[in-house]
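Undergrad: Residue numbers (our numbering): 2 to 277.
Structure in structure tokens, see below.
Spelled out as structure tokens, the structure:
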């Protein structure tokens, strides 16, 4: 999953919010009156409030994008499921030393002399258990990939939106100025008290914005991002049935064909070659 295409279009999807991103601070009392505020400080707080209100609509757009991405991801699971089955069938039907050692473990030497009944019993017990574990790992890996994709999209999007506001010209200049002021502060400056008062007012406003933003992000994350997805749970439940049916049919065929003979003969041939 990726957010970048969506991000490039985000600003164009909400033209009614253009006023929020106006680059300059009102330069007259008349303009402040038109904005319904008494001073520049109130105007800046109003811009933040407008930005946060606009985020609700933008977030709904993001959720719609996320829904489409998730559905697209889930649609591909059928093809990936078929690929996984093919890989497992190849793994169990052909001999590979690593696979043989992995599946037989401490029984690999004894297995060379097992009877058909012993192999059948192994296939219906240890064999099926091992394949179930591989399936569960595959399912878990798919879900982890899904969660990682959702988390990346969400983090990229909300980070982009925050930087979008912080990148407004007046906001960016203001933040840069006061951060530098604090580093180069000079108590001997004739305007020290006035500037320090303005700095503290800026600092309090920025802190309030950060807290409000963090709260908003956390609430959205809990309510809409870090939640179970019904469609995935339904797919997983349904596919679990398909897995059981496929596994039973696969092992029935594996036993009927006495596929272990392919393993044991190949293993013996390898042992003979390695003995020279």
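Glycine included, each C-beta is placed from N, C-alpha and C at the ideal position.
On a predicted model such as this, the values are computed, not experimentally measured, just so you know.
Starting from residue 243, trace the alpha helix (DSSP H) both ways and give me its first and last residue.
TA: Indexing the chain shown from 1 puts residue 243 at position 242. Residues 231-257.
Undergrad: Output yes or no for whether 8 Å exceeds the beta carbon distance between residue 151 and residue 237.
TA: Residue numbering aside, residue 151 sits at position 150 when the chain shown is read from its first letter. Residue numbering aside, residue 237 sits at position 236 when the chain shown is read from its first letter. The answer is no: Cβ separation not under 8 Å.
Undergrad: For residue 128, tell me which candidate among 153, 137 and 93 has the shortest Cα-Cα distance.
TA: Here residue 128 corresponds to residue number 127 of the chain shown, with the count starting at 1. For the residues 153, 137 and 93, the minimum Cα distance to residue 128 belongs to 93.
Undergrad: How many angstroms separate the CA atom of residue 48 from the CA atom of residue 182?
TA: As a first step, residue 48 is located in the chain shown; it is residue number 47 there, counting from the start. As a first step, residue 182 is located in the chain shown; it is residue number 181 there, counting from the start. Those two C-alpha atoms are separated by around 23 Å.
Undergrad: May I have the straight-line CA-CA distance separating residue 176 from residue 89, to the nearest angstrom?
TA: Start at 1 with the first residue of the chain shown, and residue 176 comes out as number 175. Start at 1 with the first residue of the chain shown, and residue 89 comes out as number 88. Spanning the two alpha carbons is a distance of roughly 58 Å.
Undergrad: On the CB-based measure, 16 or more other CB atoms within 10 Å of its CB, does residue 210 come out buried or exposed?
TA: Position 209 of the chain shown, counted from the start, is the residue given in the question as residue 210. Result: buried.
Undergrad: Which first and last residues belong to the alpha helix (DSSP H) in which residue 130 is found?
TA: The count along the chain shown starts at 1 and reaches residue 130 at position 129. Residues 129-167.
Undergrad: Alpha carbon to alpha carbon, how far is residue 243 from residue 234? Give it in angstroms, no decimals.
TA: Mapped onto the chain shown, residue 234 falls at position 233. Mapped onto the chain shown, residue 243 falls at position 242. Using only the alpha carbons, I get a separation of about 14 Å.
Undergrad: Please classify residue 39: does DSSP put it in a helix, a strand, or coil?
TA: The residue labelled residue 39 in the question sits at position 38 within the chain shown. Looking at residue 39 - three-state DSSP - the assignment turns out to be coil, as it is neither helix nor strand.
Undergrad: Identify every run of the alpha helix (DSSP H) within the stretch 180-232, keeping only runs that are complete inside it and at least 4 residues long; order them along the chain.
TA: 193-221
Undergrad: Verify whether the separation of the beta carbon atoms of residue 26 and residue 41 is less than 8 Å.
TA: Along the chain shown, one-based indexing puts residue 26 at 25. Along the chain shown, one-based indexing puts residue 41 at 40. Cβ atoms of residue 26 and residue 41: closer than 8 Å.
Undergrad: Classify residue 269: buried if its beta carbon has 16 or more other beta carbons within 10 angstroms, exposed otherwise.
TA: Translated into the one-based positions of the chain shown, residue 269 becomes position 268. Its Cβ having fewer than 16 others within 10 Å, residue 269 is exposed.
Undergrad: Taking all protein chains shown into account, do 16 or more other C-beta atoms lie within 10 angstroms of the C-beta of residue 261, making it buried, or fewer, making it exposed?
TA: Taking the first residue of the chain shown as position 1, residue 261 is located at position 260. Buried, by the Cβ-count rule.
Undergrad: Are the Cβ atoms of residue 264 and residue 101 separated by less than 8 Å?
TA: For this step, residue 264 is matched to residue 263 along the chain shown. For this step, residue 101 is matched to residue 100 along the chain shown. Taking 8 Å as the cut-off, the beta carbon of residue 264 is found closer than this to the beta carbon of residue 101.
Undergrad: Looking at C-alpha atoms only, which residue of 35, 71, 253 and 271 is the closest neighbour of residue 123?
TA: Counting from 1 along the chain shown, the entry for residue 123 is found at position 122. By alpha-carbon distance to residue 123, the top candidate from 35, 71, 253 and 271 is 253.
Undergrad: Taking C-alpha atoms, which residue in 148, 231 and 221 lies nearest to residue 56?
TA: Position 55 of the chain shown, counted from the first residue, corresponds to residue 56. The shortest C-alpha separation from residue 56 is found at 221.
Undergrad: DSSP three-state label for residue 55, please.
TA: Residue 55 sits at position 54 when you count from the first residue of the chain shown. Helix.
Undergrad: Checking 8 Å against the spacing of the C-beta atoms, do residue 218 and residue 153 come in under that value?
TA: Sequence index remark: in the chain shown, residue 218 carries index 217 (1-based). Sequence index remark: in the chain shown, residue 153 carries index 152 (1-based). The answer is no: Cβ separation not under 8 Å.
Undergrad: On the premise that residue 208 lies in contact with residue 24, defined as a C-beta separation below 8 Å, what is that separation, rounded to the nearest angstrom?
TA: The residue labelled residue 24 in the question sits at position 23 within the chain shown. The residue labelled residue 208 in the question sits at position 207 within the chain shown. Actually they are not in contact, since the Cβ atoms of residue 24 and residue 208 sit about 24 Å apart, beyond 8 Å.
Undergrad: By the three-class DSSP mapping on this structure, what secondary structure does residue 116 have?
TA: Walking along the chain shown from the start, residue 116 turns up at place 115. Reduced to three states, the DSSP call for residue 116 is coil.
Undergrad: Going by other Cβ atoms of all chains shown within 10 Å of its Cβ, with 16 needed for buried, is residue 250 buried or exposed?
TA: Reading the chain shown from its first residue, position 249 is the one you call residue 250. Result: exposed.
Undergrad: Please state if the CB of residue 230 and the CB of residue 77 are separated by a distance shorter than 8 Å.
TA: In the chain shown, residue 77 corresponds to position 76, counting from 1. In the chain shown, residue 230 corresponds to position 229, counting from 1. Going by C-beta atoms, residue 77 is not nearer than 8 Å to residue 230.
Undergrad: Determine the contact status of residue 248 and residue 132, defining contact as a CB-CB distance below 8 Å.
TA: Taking the first residue of the chain shown as 1, we reach residue 248 at position 247. Taking the first residue of the chain shown as 1, we reach residue 132 at position 131. Contact: yes.
Undergrad: Could you compute how far the alpha carbon of residue 117 sits from the alpha carbon of residue 257?
TA: Residue numbering aside, residue 117 sits at position 116 when the chain shown is read from its first letter. Residue numbering aside, residue 257 sits at position 256 when the chain shown is read from its first letter. Straight-line Cα distance between these residues: approximately 10 Å.
Undergrad: Of all the options 144, 195, 120 and 205, which has the alpha carbon lying nearest to the alpha carbon of residue 259?
TA: As a working mapping, residue 259 is identified with position 258 in the chain shown. Residue 120 is the option with its Cα nearest to residue 259.
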